[in-house]
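Q: Chains as they are written, first to last, in the numbering used here: chain A, 1 to 235; chain B, 236 to 439. Backbone N, C-alpha and C define an ideal beta-carbon position, used for all residues, glycine too. None of the values given here were measured: they were computed from a predicted structure. First the structure, which I've put down as structure tokens, then a few questions once you've had a look.
Below you can see the structure in the form of structure tokens.
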């Protein structure tokens with residue numbers, strides 16, 4: 001109603017107290033491919049759909065889940081190019097911390113700094129908010145953690161969460177299946193089942209990506225063959 | 236006249252059994268004239284982390300203020316105290332930032348790790364870190380201090396014995412240096428307590 005008149009300028013509040021551009025950014029996220037994450041007692045798993053626009057695309061060249069540090073990885077829902085910018089900035093922030101303190105950056109600090117960058121883009125001139133929500137997973141001195149960061153710059157720590165399309169079904173499914181003492185292997189199976197719920201078409205190791213980090217503190221993306229093995233276990 | 240020997244200073248840190256001791260002299264001078272006999276060179280960053288700064292007195296004070304600021308911010312952001320190694324890396328980075336216009340001070344950092352083991356190190360005025368298992372020294376009396384520590388130090392001393400050793404090393408060294416001295420102050424830090432004592436030596 002009156003909101004649309006205020007939707008042209010990012011830095012103007014609407015009468016209802018919203019920044020409409022951020023709402024629109026969240027809509028862009030909600031139209032993106034589903035991603036989800038689950039924090040287990042001994043690790044974290046994040047997973048995302050990897051639907052490619054055509055069968056001619058070389059799926060081995062597409063990496064939706066990326067490493068920020070050896071023990072922190074990130075998945076996104078929304079605009080891929082925006083996520084790449086954020087991953088680049090986060091990697092630089094993590095390295096700067098390491099150069100200063102000779103210590104790997106704690107996950108909560110990295111998330112805080114990344115969220116601060118996203119917030120800057122909601123309060124500066126001539127820029128637009130990022131059209132992605134991020135799921136950041138890592139294992140540090142405070143154990144396994146999963147964070148979600150939104151285009152507004154707000155961030156939350158989750159036991160399990162989903163972003164993108166089909167998010168309400170995915171979250172309902174996760175709420176039913178999540179237990180506090182879940183181990184990483186169970187979490188991976190649950191993540192696959194949750195993705196399967198809203199998946200259009202045949203799910204396989206080539207059209208989803210799964211990243212895990214366990215107590216060894218090495219984040220890694222599973223190979224398509226490993227994903228296929230887990231899919232077979234789930235059948 | 237060298238800028239680092241304008242005010243005069245002497246500092247030692249020594250490693251003991253699950254404890255450490257850090258000691259300094261108390262003189263503040265302007266070349267040959269003594270201005271103060273209660274100058275503070277050792278500062279607490281948190282309960283189990285101390286930093287001692289030798290060299291130009293104004294830089295001692297400024298470096299301490301800057302380090303305290305950085306640690307307070309770190310504490311607020313990360314909701315924990317800095318580990319000694321982390322703090323040493325921070326000191327080194329802050330000094331190197333001023334590589335071509337440095338602070339004329341040479342810090343010694345002494346702390347207890349989370350598991351109770353002591354940690355000491357020193358850096359030069361532009362941040363070159365030097366870790367040590369036994370003792371570190373700094374200041375205008377450093378050559379005498381090295382000799383005294385080398386001969387008096389024994390590993391795994393209990394807090395009381397460590398106090399005696401570090402005090403003797405400090406007092407005998409500052410007596411050979413005209414611009415440091417006028418007593419001393421010693422902090423012996425263990426996991427559960429800190430004992431601070433002042434020393435009365437040759438008050439000159």
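What residues in the segment 101-123 of chain A have a beta carbon less than 9 angstroms from any beta carbon of chain B?
A: 101, 102, 103, 106, 108, 109, 112
Q: Compare the C-beta of residue 347 of chain B with all C-beta atoms of chain A and state if any pair is closer than 8 angstroms.
A: Along the second chain, read from residue 1 onward, the residue named residue 347 of chain B stands at position 112. No, its Cβ sits nowhere closer than 8 angstroms to a Cβ of chain A.
Q: Listing by chain order, which chain A residues have their CB less than 9 angstroms from the CB of residue 313 of chain B?
A: Here residue 313 of chain B refers to the residue found at position 78 when the second chain is read from its first residue. Here the neighbours are 106, 108, 109.
Q: In three-state terms, what does DSSP make of residue 84 of chain A?
A: Position 84 of the first chain, counting from 1, holds the residue named residue 84 of chain A. It is helical.
Q: Looking at residue 252 of chain B: is its Cβ nearer than 8 angstroms to the Cβ of residue 393 of chain B?
A: Counted from its first residue, the second chain places residue 252 of chain B at position 17. Counted from its first residue, the second chain places residue 393 of chain B at position 158. Yes, the Cβ-Cβ distance between residue 252 of chain B and residue 393 of chain B is below 8 angstroms.
Q: Please say whether residue 285 of chain B and residue 278 of chain B have beta carbons closer to each other than 8 angstroms?
A: Stepping through the second chain from its first residue, residue 278 of chain B is reached at position 43. Stepping through the second chain from its first residue, residue 285 of chain B is reached at position 50. Yes, the Cβ-Cβ distance between residue 278 of chain B and residue 285 of chain B is below 8 angstroms.
Q: Indicate whether the contact test is met: 3 or more Cβ pairs, each with one atom in the segment 208-219 of chain A and one in the segment 116-134 of chain A, closer than 8 angstroms.
A: no
Q: Kindly list the residues whose CB is nearer than 8 angstroms to the CB of residue 103 of chain A, restricted to its own chain and excluding five residues on each side of it in sequence; keep chain order.
A: Taking the first residue of the first chain as 1, we reach residue 103 of chain A at position 103. Within the same chain, residue 103 of chain A has close Cβ partners 97.
Q: Are residue 217 of chain A and residue 42 of chain A closer than 8 angstroms when you measure CB to CB?
A: Indexing the first chain from 1 puts residue 217 of chain A at position 217. Indexing the first chain from 1 puts residue 42 of chain A at position 42. Cβ atoms of residue 217 of chain A and residue 42 of chain A: not closer than 8 angstroms.
Q: I'd like to know whether the C-beta of residue 320 of chain B is nearer than 8 angstroms to at least one C-beta of chain A.
A: Residue numbering aside, residue 320 of chain B sits at position 85 when the second chain is read from its first letter. So, interface residue.
Q: In the DSSP assignment, what residue or residues form a beta bridge with residue 281 of chain B?
A: Start at 1 with the first residue of the second chain, and residue 281 of chain B comes out as number 46. Note: residue 281 of chain B sits in a beta bridge opposite B:284.
Q: Helix, strand or coil, according to DSSP, for residue 57 of chain A in the structure here?
A: Residue 57 of chain A sits at position 57 when you count from the first residue of the first chain. Residue 57 of chain A: coil per DSSP, three-state reduction.
Q: Would you mind telling me which residues of chain A sit closer than 7 angstroms to residue 363 of chain B, beta carbon to beta carbon, in chain order?
A: As a first step, residue 363 of chain B must be located in the second chain, where it is residue number 128. Those do not exist, as residue 363 of chain B stays about 14 angstroms from chain A at its closest Cβ, beyond 7 angstroms.
Q: Less than 8 angstroms between the C-beta atoms of residue 292 of chain B and residue 263 of chain B, yes or no?
A: By 1-based counting over the second chain, the position of residue 292 of chain B is 57. By 1-based counting over the second chain, the position of residue 263 of chain B is 28. Contact flag set, yes.
Q: Beta-carbon of residue 325 of chain B versus every beta-carbon of chain A: anything under 8 angstroms?
A: For the purposes of this step, residue 325 of chain B is identified with residue 90 of the second chain, where counting begins at 1. Chain A, which has a Cβ nearer than 8 angstroms to the Cβ of residue 325 of chain B, makes this yes.
Q: Check whether the segment 115-129 of chain A touches the segment 140-153 of chain A, taking contact to mean three or more Cβ pairs, one atom from each stretch, closer than 8 angstroms.
A: yes
Q: Measuring CB atoms only, is the segment 141-151 of chain A touching the segment 48-55 of chain A, in the sense that at least three cross pairs come out at less than 8 angstroms?
A: no
Q: Should residue 338 of chain B be labelled buried (16 or more other beta-carbon atoms within 10 Å of its own) or exposed?
A: As a position in the second chain, residue 338 of chain B is number 103, starting the count at 1. Flag for residue 338 of chain B reads buried.
Q: Is it buried or exposed for residue 81 of chain A, if we count other Cβ within 10 angstroms and need 16 for buried?
A: Your numbering for residue 81 of chain A matches position 81 in the first chain. Residue 81 of chain A is exposed by the Cβ-count criterion.
Q: Between residue 302 of chain B and residue 295 of chain B, which are expected to be in contact by the criterion C-beta below 8 angstroms, what is the C-beta distance as a whole number of angstroms?
A: Counting from 1 along the second chain, the entry for residue 302 of chain B is found at position 67. Counting from 1 along the second chain, the entry for residue 295 of chain B is found at position 60. Rounded, the Cβ-Cβ distance is 11 angstroms, inconsistent with contact.
Q: Does the Cβ-Cβ distance between residue 415 of chain B and residue 260 of chain B come in under 8 angstroms?
A: Working through the second chain from its first residue, we reach residue 415 of chain B at position 180. Working through the second chain from its first residue, we reach residue 260 of chain B at position 25. Cβ distance < 8 angstroms, so residue 415 of chain B and residue 260 of chain B count as in contact.
Q: Listed in chain order, which residues of the segment 238-249 of chain B have Cβ atoms closer than 7 angstroms to some Cβ of chain A?
A: none
Q: Once DSSP output is grouped into helix, strand and coil, what is the label at residue 304 of chain B?
A: Mapped onto the second chain, residue 304 of chain B falls at position 69. Correct three-state label for residue 304 of chain B: helix.
Q: Is residue 341 of chain B helix, strand or coil when you go by DSSP?
A: If you number the second chain from 1, residue 341 of chain B lands on position 106. Reduced to three states, the DSSP call for residue 341 of chain B is strand.
Q: Is the CB of residue 292 of chain B under 8 angstroms away from at least one CB in chain A?
A: Translated into the one-based positions of the second chain, residue 292 of chain B becomes position 57. Cβ-Cβ to chain A under 8 angstroms: no for residue 292 of chain B.
Q: Let me confirm a value: residue 108 of chain A is counted as buried when at least 16 other C-beta atoms fall within 10 Å, else exposed. Which label applies?
A: Within the first chain, numbered from 1, the residue matching residue 108 of chain A stands at position 108. Answer is buried; the Cβ neighbour count reaches 16.
Q: For the alpha helix (DSSP H) that contains residue 228 of chain A, what are its first and last residues?
A: The residue you call residue 228 of chain A lines up with position 228 of the first chain. Residue 228 of chain A -> alpha helix (DSSP H) spans 224-234.
Q: Name the residue from A:126, A:93, A:123 whose alpha carbon lies nearest to the alpha carbon of residue 112 of chain A.
A: Position 112 of the first chain holds residue 112 of chain A. Minimum Cα distance to residue 112 of chain A is reached at A:93.
Q: According to DSSP, is residue 173 of chain A helix, strand or coil?
A: Along the first chain, one-based indexing puts residue 173 of chain A at 173. Of the three classes helix, strand and coil, the one that applies to residue 173 of chain A here is helix, per DSSP.
Q: DSSP on residue 368 of chain B, reduced to helix/strand/coil?
A: Indexing the second chain from 1 puts residue 368 of chain B at position 133. In this structure, residue 368 of chain B counts as coil in the three-state DSSP scheme.
Q: Specify the secondary structure class of residue 326 of chain B as computed by DSSP and reduced to three states.
A: In the second chain, residue 326 of chain B corresponds to position 91, counting from 1. Correct three-state label for residue 326 of chain B: helix.
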